[in-house]
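K.L.:
This structure is in structure tokens; I'll ask about it shortly.
Residue numbers (the working numbering): 6 to 381.
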């Protein structure tokens with residue numbers, strides 16, 4: 006089990022700041038810890054070494070005394086609970102620790118690929134690299150594909166989240182399983198780009214939490230750095246391309262490591278005529294209700310701005326809530342409600358709620374036994 010303080014004398018998500026307030030907090034150090042009680046707000050008070058922190062209550066019971074090992078420092082340290090019951094084995098924890106600092110979303114990668122797709126740049130690349138980039142673009146979905154249930158199902162299947170499972174189930178002579186899979190395409194691109202120098206990274210960069218602990222968050226398109234936007238040399242883009250695809254791969258693998266039969270998240274790059282966007286989906290099976298499902302989604306489209314949606318299905322009863330950052334987008338969506346109601350009626354579902362709110366919901370704050378958010 007991992008404790009990740011959001012503040013210990015001004016600590017955030019994954020960490021403890023170095024200095025006098027974190028004396029003894031060195032990588033590899035083992036500190037004594039014990040629960041002290043519960044606050045009026047329902048937070049658990051823990052003593053970790055000489056520091057007292059408040060943490061959101063975990064999903065498992067903590068022993069009266071235990072130890073933690075410091076896994077990382079800097080702006081966001083990570084503490085591993087030793088000797089406590091855990092749902093994740095040490096190999097899984099190690100894999101998460103390695104990938105969390107590397108992860109990044111698809112937006113930077115899509116911006117770099119979009120720039121390289123210009124003919125003046127792409128013709129400078131060797132054929133095998135052009136082929137790898139074309140395969141990656143081919144693995145992306147289109148809005149037309151996602152407009153149907155079957156198209157969405159196929160997009161989820163080739164998102165990379167299930168690549169290893171599909172390979173394990175494929176016939177021994179099947180050689181095309183990974184050809185249109187996002188992870189398979191990114192792995193091929195990484196193997197070609199190995200040896201590229203990495204751009205300088207700031208030591209102050211914060212480590213983003215895994216997707217399951219953030220909920221769905223709209224991800225807009227990102228501009229290229231000015232030095233690349235004005236460059237006409239394809240080789241100038243290769244170090245950034247390597248970094249971007251490595252970050253996207255790490256993010257995907259974190260999602261794979263966290264996925265379970267009852268809750269998983271997937272990100273799907275969507276290629277349009279004027280660029281690429283990211284559709285994020287969260288699908289959760291409500292275990293207390295045999296036929297209960299919750300699906301969340303987020304999208305940031307240039308004409309509409311950031312959108313978030315949440316669908317609750319209980320048997321044949323459906324509730325739909327939408328949020329939009331722009332007022333005119335709320336009006337445009339509400340104008341489609343009558344058509345949406347008619348379509349849902351035709352499926353046999355009973356619509357309990359359909360609403361669209363101005364503004365975005367607070368980012369998800371899901372907590373499990375693996376990660377805790379704590380403050381002094």
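Quick reminder that beta carbons are idealized off the backbone N, C-alpha and C, glycines included.
This structure is a prediction, so every number in the text was calculated from the model and none was measured.
#1: Should the segment 322-341 be called in touch with the segment 256-264, which here means at least 3 C-beta pairs below 8 Å?
#2: Count Cβ pairs between the segment 158-174 and the segment 296-311 that sit closer than 8 Å; are there 3 or more?
#3: Give me the Cβ distance between residue 327 and residue 360, rounded to the nearest whole Å; I'm assuming they're in contact under 8 Å.
#4: By how many angstroms is the C-alpha of residue 240 removed from the C-alpha of residue 129?
#5: If we ignore side chains and look at the alpha-carbon of each, how far apart do residue 252 and residue 242 end up?
#6: Can you list, in chain order, the residues of its chain with a C-beta nearer than 6 Å to that of residue 354? Leave out the 5 residues immediately preceding and following it.
#7: Ignoring anything shorter than 3 residues or poking outside the segment 318-364, list the beta strand (DSSP E) runs there in chain order.
#8: List the endpoints of the continuous beta strand (DSSP E) containing residue 34.
#9: According to DSSP, what are the bridge partners of residue 277?
#10: Entirely within the segment 222-285 and at least 4 residues each: give me those alpha helix (DSSP H) ranges in chain order.
#11: Taking all protein chains shown into account, decide if residue 81 is buried (16 or more other Cβ within 10 angstroms of its Cβ) or exposed.
#12: Should residue 85 go down as buried or exposed, given a rule of 16 or more other Cβ atoms within 10 Å for buried?
#13: Measure from the C-beta of residue 184 to each C-beta in chain B and report whether the shortest distance is under 9 Å.
#14: Excluding the 5 residues preceding and the 5 following residue 283 in the sequence, name in chain order all residues of the same chain whose CB lies nearer than 8 Å to its CB.
#15: If we ignore side chains and look at the alpha-carbon of each, how far apart do residue 193 and residue 131 end up?
#16: Since residue 5 and residue 48 are thought to touch, with beta carbons under 8 Å apart, how far apart are those beta carbons, to the nearest angstrom?
#17: Can you tell me whether DSSP reads residue 85 as helix, strand or coil?
#18: The alpha helix (DSSP H) that contains residue 115, what's its start and end?
#19: Just list the residues that DSSP pairs residue 144 with in beta bridges.
#20: Pull the bridge partners of residue 298 from the DSSP assignment, please.
#21: Which residues bound the alpha helix (DSSP H) around residue 198?
#22: Which one or two residues does DSSP pair with residue 74 in a beta bridge?
#23: Could you tell me if residue 266 is buried or exposed, where buried requires 16 or more neighbouring beta carbons within 10 angstroms of its beta carbon?
#24: When you compare each of 34, 166, 201 and 146 to residue 277 by their alpha carbons, which one comes out closest?
#25: Would you kindly work out how many angstroms separate the C-alpha atoms of residue 236 and residue 342, rounded to a whole number?
P.N.:
Taking the definition as stated:
#1: When Cβ pairs closer than 8 Å are counted between the two stretches, the segment 322-341 is seen not to touch the segment 256-264, the count staying below three.
#2: Output reads no: the segment 296-311 does not touch the segment 158-174.
#3: The beta-carbon distance between residue 327 and residue 360, rounded to whole angstroms, is 7 Å. This is short enough to meet the 8 Å contact definition.
#4: Approximately 8 Å, taken between the alpha carbons.
#5: Straight through space, the alpha carbons of residue 242 and residue 252 are spaced by roughly 15 Å.
#6: The beta carbon of residue 354 lies closer than 6 Å to those of 321 and 323 in the same chain, with the five residues before and after it left out.
#7: If we require 3 residues or more, the beta strand (DSSP E) runs fully inside the segment 318-364 come out as 322-329 and 355-363.
#8: Where residue 34 is concerned, there is no enclosing beta strand (DSSP E), given that its DSSP letter is neither H nor E.
#9: Bridge partners of residue 277: 280.
#10: The segment 222-285 contains these whole alpha helix (DSSP H) runs: 231-234 and 243-263.
#11: Only weak support is given to the placement of residue 81: the predicted model assigns it a pLDDT of 47, under 50, and the value that follows is read from those uncertain coordinates. By the Cβ neighbour-count rule, residue 81 is buried, with 16 or more other Cβ atoms within 10 Å of its own.
#12: So residue 85 ends up on the buried side.
#13: Looking at the structure shown, chain B is missing, and only one protein chain is on hand.
#14: 110, 111, 112, 115, 224, 272, 273, 274, 275, 304 and 305, listed in sequence order.
#15: Rounded to whole angstroms, the gap between the alpha carbons of residue 193 and residue 131 is 15 Å.
#16: Past the boundaries of the shown model lies residue 5; the chain is included only from 6 to 381, so the question cannot be answered.
#17: The answer is strand: DSSP assigns residue 85 an E or B state.
#18: First-last of the alpha helix (DSSP H) with residue 115: 111-121.
#19: For residue 144, DSSP assigns no beta-bridge partner whatsoever.
#20: Residue pairing for residue 298: DSSP places it in a beta bridge opposite 290 and 318.
#21: Counting along the chain, the unbroken alpha helix (DSSP H) around residue 198 starts and ends at 187-198.
#22: The secondary-structure analysis by DSSP pairs residue 74 across a beta bridge with 35 and 85.
#23: Counting Cβ neighbours within 10 Å, residue 266 comes out exposed, since fewer than 16 surround it.
#24: Of the residues 34, 166, 201 and 146, the one whose Cα lies closest to the Cα of residue 277 is 146.
#25: Going from the Cα of residue 236 to the Cα of residue 342 covers about 46 Å.
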